[in-house]
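Shown next, in structure tokens, is the structure this report addresses.
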Amino acid sequence: MKRFLQIVLVVSILAGTLALVYTKGIASYEDCKYQLSFYDNFNGSNLDTKKWNTQYPSGNSGEQQFYSPDAVTLQDGILKITAEKHTLHGYPYTSGIITTRGTFSQQYGIFSMRAKLPKGQGFWPAFWMLPEQPAYPTEIDIVEMLGGDPRTIYVSNHWRDAGQDHQKNIISYRGPDFSLDFHTYSLLWSPTELIWYMDGIELYRTSKGIPDMPMFLLANLAVGGHWPGNPDATTSFPSSMQVDYIRVYQYQCSSGLDAIANRVESFIDESIYGSSTPG
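In this text, residue positions in the sequence shown follow the working numbering: the first is 20, and each later residue adds one.
As structure tokens, this is what we get:
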């Protein structure tokens, strides 16, 4: 985790607003406020359908699940997306997805989820983003994991280059068994850069393929597919992806945003996304 000397970080939390002030030596930067623009702590007894949709196509990646609203439940402040071995509409498994398509989208900011990901051959949990207006192959994957290898997570972005060819960056990070505990997965998206974090630690940054359109959120547990492979005799059903919260911040800076983003690094995630829950 990178640290920057002589940086003063002042965080004031008031009505969902984080005021960040940075100085380095003589140089100073304009105040930058991160406004909490969307969040769900999943503290109710039922999913907030004003924020979330639970129906979405199963995709074209060879996935074996049918997304059922019944697979999405709330219990003790945790959202559970549960995969089961149950045939429905021609699919051998059921699982769930939540999306903000049609209810919330945003261009630029900080996007974060605290979750515990399930292990098991064939499981494919993910937290990702797509354009509100279809623009294939534009996509940002804040985190993905293949359940057969719960110690490796993936971050990626997909875009179309000037020649209209599909380009992508897919980066893997090997760490602890991510199925054993909750971790915070975050993305800082600016006009010039994408930076991925896990528990405040920078995983990867890129200036290639930066989307310039609002995108909505998706969190799901896929089962099977070309990438993870299908479940086998070792896969335990039912299994759940557990989500503590999802938060989005929109930044408001008068100047110097990119300079700030390049310097604060892990301070952003550590300060904004600790173990505490707003509201």
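From the three backbone atoms N, C-alpha and C, an ideal C-beta is built for every residue, glycine too.
In terms of residue numbering, what span does the beta strand (DSSP E) encompassing residue i cover?
| i | result |
| --- | --- |
| Ala-238 | 234-242 |
| Trp-143 | 142-150 |
| Tyr-309 | Outside the modelled stretch of the chain, which goes from 20 to 298, sits residue 309, for which no answer is possible. |
| His-202 | 202-208 |
| His-185 | 185-193 |
| Asn-62 | Here Asn-62 belongs to no beta strand (DSSP E), and DSSP marks it neither H nor E. |
| Tyr-112 | 112-114 |
| Ile-229 | Segment: none, Ile-229 is in no beta strand (DSSP E) and carries neither H nor E. |
For residue i and residue j, which I take to be in contact (beta-carbon distance under 8 Å), what is that distance rounded to the nearest angstrom?
| i | j | result |
| --- | --- | --- |
| Glu-163 | Trp-178 | Between Trp-178 and Glu-163 the Cβ distance is about 17 Å, and since that is not below 8 Å, they are no contact. |
| Gly-121 | Ser-87 | At roughly 19 Å, the Cβ-Cβ gap does not stay under 8 Å, so Gly-121 and Ser-87 are not in contact. |
| Ser-205 | Tyr-127 | With a Cβ gap of about 14 Å, Ser-205 and Tyr-127 do not count as contacting. |
So, at 6 Å on beta carbons, what are the nonlocal neighbours of residue i in its own chain, with the 5 sequence-adjacent residues on each side left out?
| i | result |
| --- | --- |
| Phe-256 | Glu-103 and Lys-104 |
| Ile-32 | Its pLDDT being 30, under 50, Ile-32 is placed unreliably by the model, and the measurement read from it follows with that caveat. Result list for Ile-32: empty, nothing under 6 Å. |
| Gly-139 | Gly-166, Thr-254, Ser-255 and Ser-258 |
| Leu-237 | Thr-118 and Trp-147 |
| Thr-225 | Asn-188 and Leu-213 |
| Ile-265 | Asp-59 and Met-132 |
| Leu-240 | Ile-100, Ala-102, Ser-114, Pro-144 and Met-260 |
| Lys-135 | Phe-201 and Gln-261 |
| Ile-159 | Met-148 and Asn-176 |
| Ser-47 | Residue confidence is low: Ser-47 scores 30 on pLDDT, short of 50, so the model does not pin down where it sits. No coordinate-derived value is stated. |
| Ile-45 | Per-residue confidence for Ile-45 stands at a pLDDT of 23, beneath the threshold of 50, marking its modelled position as unreliable; no derived number is given. |
If you measure between the beta carbons of residue i and residue j, is that distance less than 8 Å?
| i | j | result |
| --- | --- | --- |
| Ser-198 | Pro-137 | yes |
| Tyr-223 | Ile-172 | no |
| Leu-107 | Ser-64 | no |
| Gln-261 | Lys-70 | no |
| Phe-235 | Leu-149 | yes |
| Pro-250 | Gly-141 | yes |
| Ile-161 | Phe-130 | yes |
| Pro-169 | Asp-196 | yes |
| Tyr-75 | Val-242 | no |
| Gln-54 | Tyr-268 | yes |
| Ile-97 | Asp-263 | yes |
| Gln-271 | Lys-52 | yes |
| Gln-152 | Tyr-110 | no |
| Ala-181 | Met-232 | no |
I want to see whether chain D comes within less than 8 Å of residue i, judged by CB atoms only; does it?
| i | result |
| --- | --- |
| Gln-152 | You won't find chain D in this structure, because it holds only one protein chain. |
Looking only at DSSP bridge pairs, what is residue i linked to?
| i | result |
| --- | --- |
| His-177 | Glu-158 and Lys-187 |
| Tyr-223 | Trp-215 |
| Arg-133 | Thr-203 and Tyr-264 |
| Leu-107 | Tyr-110 |
| Ala-102 | Ser-258 |
| Asn-72 | Thr-118 |
| Thr-171 | Arg-193 |
| Leu-165 | Answer is none; Leu-165 lacks a bridge partner. |
| Gln-94 | Ile-97 |
| Gln-125 | Met-234 |
For residue i, I'd like the list of residues in its chain whose CB is within less than 8 Å of its CB, leaving aside the five on either flank, ordered along the chain.
| i | result |
| --- | --- |
| His-245 | Ser-80 and Gly-81 |
| Asn-72 | Ile-117, Thr-118, Thr-119, Arg-120, Gly-121 and Thr-122 |
| Phe-61 | Leu-93, Gly-96, Ile-97, Leu-98, Val-262, Asp-263 and Tyr-264 |
| Pro-156 | His-177, Trp-178, Arg-179, His-185 and Lys-187 |
Between residue i and the rest of its own chain, which residues show a CB-CB distance below 7 Å, the 5 nearest in sequence each way excluded?
| i | result |
| --- | --- |
| Phe-11 | This structure cannot speak to residue 11, because the chain is shown only from 20 to 298. |
| Asp-67 | Asp-59 |
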